[in-house]
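Residue numbers (my numbering): 924 to 1647.
For glycine and all other residues, C-beta sits at the position ideal for the given N, C-alpha and C.
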Ligand code: IVH
């Protein structure tokens, strides 16, 4: 492959072949633009394989011409030495902190507005002051220094005057541009320091801790600590494996850029330069009485648990910069900003007992019984200790004071022990895992190399049976309205329901005989059971509660095989052909369906009238799942082997559209010999240009994905994309 077609310009007659420096620059620009689309906009426009191809081309070019390696090259994201320590960095402009409004009620916002008006000496009849309201992210503050648009240094806040040089680790964060983009003067200013928060998303944090747990390694207390640890990690290779994110919220030193007049316009400008800026923000007017700030605080508070990351409050900033300057600051806090907090997500309380809970798959979880404590907006009385090894590592014992964390929808957990003053009591018996299941008395086993203890009772165990019923009935599975835990307890403890099919044999009379069950409720439940019989294969499959088969996997399996019998009979090898199904999932499915009683459950449920639409797998392809769905391609010039009609047919079969003219909406331009103005237009718009080989590669990747995945696009779903 020649250098020129790597970055999309087929060598045509009359086109001079670019110099290596030009090729490298073009590759850098393309890769950086793709990384921005992938990490910041969440809208990748090329397959990972294509990104990798461009990346490797740049790497090869730089290996041949080391002088072409620039600091903004995506190849430089993950290269770095293990350090002995971090160099100090003196901040050109001190990094301030924010005053916290201790009053977490509405009056907190009003008090701030009143103070601002007083300090600006505004008369009572002056119009309301405008504020930018944004989130207070719970991570750590970072100063990113760009010189002429290129990231040259990243430093922690430290004491506000002097921080630490953590450039090497910050470079590994895919969301942070190595070069600013856009036509504005800011993106090429001699100096532009951008300040913001490095944080870890909750799902990334949970996954990181789960990995640590499964390896019996130390877990992180909360996303903030995990993020701070990663930023201050001396080995950049380890830092690169910790999934970090970033939001910009302000400026440090600036030279050669006319900063916008308002904070909200500044954030818009930073976003236009390719920096991640949180969309959860607003501009509101302060006023006596009902204030937009209070509304923002309340609206965000109501949705706090659903945000993908931790926040500890919201921040209000006087929007106009001239007013900010007039207000100035006291000690290290600006008078023009305030943090309005929410209830803490971590609290101290005492351990009153340690119970064992038996889960749906038989896993025994030690759970701390706690002195009730208000944390993350609710009263918590139990918190998980995950497993024996984690409990031991944390050293949790009866009577200890512990830190409890509750954030988002995640179940509360004990994250650590606060050492008691004067040391521990002389002797406290150690916690032991029971040898038999506390619910059904079956043997408890721990597989070699695993951290979890499990009850071997299976559906003989009432606890597992209850959890299995609740799992089956949940909204995302069979959606049996009204079948909650109280009722399941009664049904199982009373011996009324032992298996899933027995649910469908419940009649109004049997139900109405239960404690506190009115006729009406019994009728409603029977109706709900009846309604649930019409379902879909993914819901049914998910509802069976097969270990490691979550909702997404159930969907993939249904799409791939189309029929339950094919899934029940599929070999491990056949299962491995399904998207995202690895050996663990394949083995778990095989084990489940190798047991006659599990197949019997499926048969009985079908006999009860549970049904869904079956199809023959790949034939029922949802167009939205085709790999080129939503992509528009334009053909220009003569391709070496494909006729225009052939190319069009291939693209359409993969779900793409072929258009006659090039526009911003064009995804790819496929150019052959004697390509004309369409190619020029494509270059002007910075579109990806493919030659026939490039098109074939795109289609091959598409076909392979459809074949392997039962028609699911190759969209990257995790951090495994273009990180360089
Ligand atoms: S502005 C004007 N905006 O809070 C003062 N800080 O207590 C400069 N923080 O160290 C900070 N979200 O780490 C600002 N939207 C936000 C923020 C934010 C979180 C953190 C930041 C800072 C601390 C100040």
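Inter-residue Cα distance where the pair is residue i and residue j
{"i": "residue 1577", "j": "residue 1614", "result": "18 Å"}
{"i": "residue 1569", "j": "residue 966", "result": "29 Å"}
{"i": "residue 1144", "j": "residue 1025", "result": "25 Å"}
{"i": "residue 1585", "j": "residue 1100", "result": "28 Å"}
{"i": "residue 1320", "j": "residue 1374", "result": "19 Å"}
{"i": "residue 1112", "j": "residue 1092", "result": "24 Å"}
{"i": "residue 1394", "j": "residue 1370", "result": "24 Å"}
{"i": "residue 947", "j": "residue 978", "result": "10 Å"}
{"i": "residue 1132", "j": "residue 1164", "result": "13 Å"}
{"i": "residue 1453", "j": "residue 1376", "result": "37 Å"}
{"i": "residue 1358", "j": "residue 1287", "result": "11 Å"}
{"i": "residue 1274", "j": "residue 1326", "result": "10 Å"}
{"i": "residue 1518", "j": "residue 1491", "result": "10 Å"}
{"i": "residue 1378", "j": "residue 1434", "result": "30 Å"}
{"i": "residue 1254", "j": "residue 1022", "result": "10 Å"}
{"i": "residue 1543", "j": "residue 1195", "result": "Because the pLDDT of residue 1543 is 46, which lies under 50, any placement of that residue in the model is unreliable, and the number read from its coordinates should be weighed accordingly. If I take the Cα positions, the gap works out to 41 Å."}
{"i": "residue 1074", "j": "residue 1047", "result": "46 Å"}
{"i": "residue 1594", "j": "residue 1573", "result": "16 Å"}
{"i": "residue 1505", "j": "residue 1554", "result": "30 Å"}
{"i": "residue 1361", "j": "residue 1279", "result": "7 Å"}
{"i": "residue 1183", "j": "residue 1054", "result": "15 Å"}
{"i": "residue 1117", "j": "residue 1108", "result": "14 Å"}
{"i": "residue 1496", "j": "residue 1488", "result": "16 Å"}
{"i": "residue 1583", "j": "residue 1557", "result": "6 Å"}
{"i": "residue 1607", "j": "residue 1185", "result": "33 Å"}
Residue span of the alpha helix (DSSP H) that contains residue i, given as start and end
{"i": "residue 1465", "result": "1460 to 1466"}
{"i": "residue 1353", "result": "Per DSSP, residue 1353 belongs to no alpha helix (DSSP H) and is neither H nor E."}
{"i": "residue 1174", "result": "Taken as a continuous stretch (DSSP letters only), residue 1174 belongs to no alpha helix (DSSP H), being part of the beta strand (DSSP E) at 1168 to 1178."}
{"i": "residue 945", "result": "943 to 962"}
{"i": "residue 1490", "result": "1487 to 1492"}
{"i": "residue 1146", "result": "1146 to 1154"}
{"i": "residue 1102", "result": "Neither: residue 1102 is in no alpha helix (DSSP H) and is coded neither H nor E."}
{"i": "residue 976", "result": "971 to 987"}
Closer than 7 Å: residue i CB and nearest the ligand IVH heavy atom
{"i": "residue 1238", "result": "yes"}
{"i": "residue 1080", "result": "yes"}
{"i": "residue 1058", "result": "yes"}
{"i": "residue 1020", "result": "yes"}
{"i": "residue 1208", "result": "no"}
{"i": "residue 1054", "result": "no"}
{"i": "residue 1203", "result": "no"}
{"i": "residue 1330", "result": "no"}
{"i": "residue 1172", "result": "yes"}
{"i": "residue 1084", "result": "no"}
{"i": "residue 1017", "result": "no"}
Classification of residue i by the beta-carbon crowding that lies within 10 angstroms, buried from 16 upward
{"i": "residue 1090", "result": "buried"}
{"i": "residue 1353", "result": "exposed"}
{"i": "residue 1245", "result": "exposed"}
{"i": "residue 1648", "result": "Given a span of 924 to 1647 for the chain in the structure shown, any question on residue 1648 remains unanswerable."}
{"i": "residue 1138", "result": "exposed"}
{"i": "residue 1297", "result": "exposed"}
{"i": "residue 1294", "result": "exposed"}
{"i": "residue 1647", "result": "Reliability fails at residue 1647, whose pLDDT of 29 lies under 50, so the model's placement of it is uncertain and the value that follows must be treated cautiously. With 16 or more Cβ atoms within 10 Å of its Cβ, residue 1647 is classed as buried."}
{"i": "residue 1520", "result": "exposed"}
{"i": "residue 1213", "result": "At residue 1213 the pLDDT is 49, less than 50, meaning the model places this residue with poor confidence and gives no usable figure here."}
{"i": "residue 1178", "result": "exposed"}
{"i": "residue 1028", "result": "exposed"}
{"i": "residue 964", "result": "exposed"}
{"i": "residue 924", "result": "Since pLDDT at residue 924 reaches only 41, below the 50 mark, its modelled position is unreliable, and no value is offered."}
{"i": "residue 1641", "result": "Since pLDDT at residue 1641 reaches only 36, below the 50 mark, its modelled position is unreliable, and no value is offered."}
{"i": "residue 1079", "result": "buried"}
{"i": "residue 1336", "result": "buried"}
Residue i: first and last residue of the uninterrupted beta strand (DSSP E) it sits in
{"i": "residue 1064", "result": "1063 to 1070"}
{"i": "residue 1076", "result": "1073 to 1079"}
{"i": "residue 1116", "result": "1114 to 1122"}
{"i": "residue 1580", "result": "1580 to 1582"}
Q | Secondary structure, alpha helix (DSSP H): runs of 4+ residues fully inside the region 1242 to 1320 | A | 1244 to 1250, 1311 to 1317
_What ranges does the beta strand (DSSP E) occupy inside the region 1017 to 1059, keeping only unbroken runs of at least 3 residues that lie completely in it?_
1022 to 1024
Which runs of the alpha helix (DSSP H), 4 residues or longer, sit entirely within the region 1411 to 1471?
-> With a minimum length of 4 residues, the continuous alpha helix (DSSP H) runs that stay inside the region 1411 to 1471 are 1423 to 1426, 1431 to 1435, 1442 to 1455, 1460 to 1466.
* Output the residue ranges of the alpha helix (DSSP H) runs that lie fully inside the region 1551 to 1595 and measure 4 residues or longer, sorted by chain position. => If we require 4 residues or more, the alpha helix (DSSP H) runs fully inside the region 1551 to 1595 come out as 1567 to 1576.
* Can you list, in chain order, the stretches of the alpha helix (DSSP H) that have 4 or more residues and sit fully within the region 1178 to 1215? -> 1186 to 1195
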